[in-house]
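Heads up: the sequence shown begins at 90 in the numbering used here, then just goes up one per residue.
Encoded as structure tokens, the structure appears first; notes follow it.
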Amino acid sequence: MSGRVAYIAASLDGFIAAEDGSVAWLEAFQATDYGYADFFGGIGMLVMGRATYDQVLRFGPCPYAGKPCLVLSRRGIAHPPAGVEAWKGDLASLAAHLRAAKERVWVVGGGQLIAGLLAEGAITELDLFVMPVLLGRGIPLFAGVHPPAQQLTLLDTQTWPNGVVRLRYAIAAATPAKA
Numbered sequence: 090m091s092g093r094v095a096y097i098a099a100s101l102d103g104f105i106a107a108e109d110g111s112v113a114w115l116e117a118f119q120a121t122d123y124g125y126a127d128f129f130g131g132i133g134m135l136v137m138g139r140a141t142y143d144q145v146l147r148f149g150p151c152p153y154a155g156k157p158c159l160v161l162s163r164r165g166i167a168h169p170p171a172g173v174e175a176w177k178g179d180l181a182s183l184a185a186h187l188r189a190a191k192e193r194v195w196v197v198g199g200g201q202l203i204a205g206l207l208a209e210g211a212i213t214e215l216d217l218f219v220m221p222v223l224l225g226r227g228i229p230l231f232a233g234v235h236p237p238a239q240q241l242t243l244l245d246t247q248t249w250p251n252g253v254v255r256l257r258y259a260i261a262a263a264t265p266a267k268a
């Protein structure tokens, strides 16, 4: 199955990280299985922004080993793990590259990349885990570029006793935003 999915957790007030980029607030929810292994098993390639990549590396060895990973980074990556490659092109060329991909692509984050790829019409699905916490401030889910108004189609919902809600939406084929 192909497609480009933004699979991400956000606080109820719409933040994916604290102001300093920390996602430590998610640790309170780690004891529950939200189906990550099944999701990751269906992914053929990952794409993420440089700040997200740097954050992931702080967790320890690259958790995405064995899958190709593009990191949007103008400055490149020193000593990348196997399968990790810096994408030095612009967002429009990345969007075109992802649209041509035959495998399912996970747009890991961050908020600027997700918003930019939405604006380019390059994300086909939003798989959002709404966490029952209010951060008050931080890095928003859709940061920087404002994607065009788009109609989403609800595909599925799921809830857990700890208050986590999963909302899975299809995004209609969008045309890239005009500058």
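Positions of the beta carbon are idealized from the N, C-alpha and C atoms, including for glycine.
Predicted, not measured: the structure shown is a model, and the values here were computed from it.
For residue i, which of the options has the nearest alpha-carbon?
i: residue 236; options: 205, 213 and 211; result: 205
i: residue 239; options: 228, 207 and 246; result: 207
i: residue 254; options: 155, 131 and 218; result: 218
i: residue 155; options: 134, 143 and 214; result: 134
i: residue 260; options: 229, 213, 243 and 232; result: 213
i: residue 112; options: 143, 126 and 91; result: 143
i: residue 252; options: 108, 105, 117 and 245; result: 117
i: residue 234; options: 193, 177 and 202; result: 202
i: residue 91; options: 153, 222, 191 and 215; result: 191
i: residue 249; options: 114, 103 and 121; result: 121
i: residue 124; options: 216, 177 and 153; result: 216
i: residue 147; options: 114, 110, 182 and 178; result: 110
Less than 8 Å between the CB atoms is what I'm expecting for residue i and residue j, so what's the real figure, rounded?
i: residue 220; j: residue 98; result: 5 Å
i: residue 158; j: residue 138; result: Their Cβ separation, rounded to whole angstroms, is 12 Å, which puts residue 158 and residue 138 out of contact at 8 Å.
i: residue 107; j: residue 224; result: 6 Å
i: residue 180; j: residue 209; result: 6 Å
Whose C-beta lies closer than 7 Å to the C-beta of residue i among residues of the same chain, with five residues either side of it excluded?
i: residue 129; result: none
i: residue 211; result: 93, 184, 187 and 188
i: residue 195; result: 94, 96, 132 and 135
Skipping 5 residues on each side, what residues in its chain have a beta carbon closer than 6 Å to that of residue i?
i: residue 175; result: 160, 162, 165 and 166
Which residues does DSSP pair with residue i in a beta bridge?
i: residue 256; result: 217 and 246
i: residue 95; result: 196 and 215
i: residue 229; result: 104
i: residue 138; result: 161
i: residue 173; result: 158
i: residue 241; result: 260
Suppose the cutoff is 8 Å on Cβ atoms and the five residues either side in sequence are ignored; what does the same chain contact list for residue i look like?
i: residue 105; result: 97, 98, 99, 112, 198, 199, 200, 227, 228, 229 and 230
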